[in-house]
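In this note's numbering, the protein residues as written are 31 to 230.
Here is the structure:
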């Protein structure tokens, strides 16, 4: 009875454990899936790298071209990084120059002294002495006497012309006006002292 029980247990164990054929079939399925997975990724890699026309896209060639392409991309990346650093330094230098220029301009504006131009009075004007002409009657007629108003007018013109010729008008400032009170006093003295003067 005990022997029959042991035999039944051994038979039940064989029925639960997979057979050799099942293990092989399972292994083959896993291997097939792995190969399909690798094949799919090789196809993706082949489409991602440039290949020479006419080349047979074997796995070895795909791997070789992939290595070359990666090296080329790394070299270009280093060149771009170097160029980026140069542009960054140049940008910083330009910003410093701009700031320095703005600072210098601000200092010049603060220190600048506004100088007003002196007024221009134009060219110099020289006084031309005026020589009074004696009064002559028309048609060659001569009058033995000149009236007192004519004498005063002639005397005032003479005094005024002498005063102007002595002082000479300058361009920067006009000549001072003659002293009319003194001139009037002289005229009154002359008119009171002298009567009508004969024409010379």
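Note that beta-carbon positions come from the ideal geometry of N, C-alpha and C, so glycine has one too.
Pairing residue 113 with residue 53, the inter-Cα distance amounts to about 60 Å. With respect to the 8 Å criterion, residue 90 and residue 79 are not classified as neighbours on the basis of their beta carbons. With a cutoff of 8 Å on beta-carbon distance, residue 81 and residue 87 are scored as near each other. DSSP places residue 52 in the helix class (H, G or I) of the three-state scheme. For residue 136, the enclosing alpha helix (DSSP H) stretches over residues 89-141. Across the structure, residue 119 and residue 132 are spaced so that their CA atoms are roughly 20 Å apart.
DSSP places residue 77 in the helix class (H, G or I) of the three-state scheme. The C-alpha of residue 121 is placed about 44 Å away from the C-alpha of residue 83. In the three-state DSSP reduction, residue 59 falls in the helix class (H, G or I). DSSP places residue 69 in the helix class (H, G or I) of the three-state scheme.
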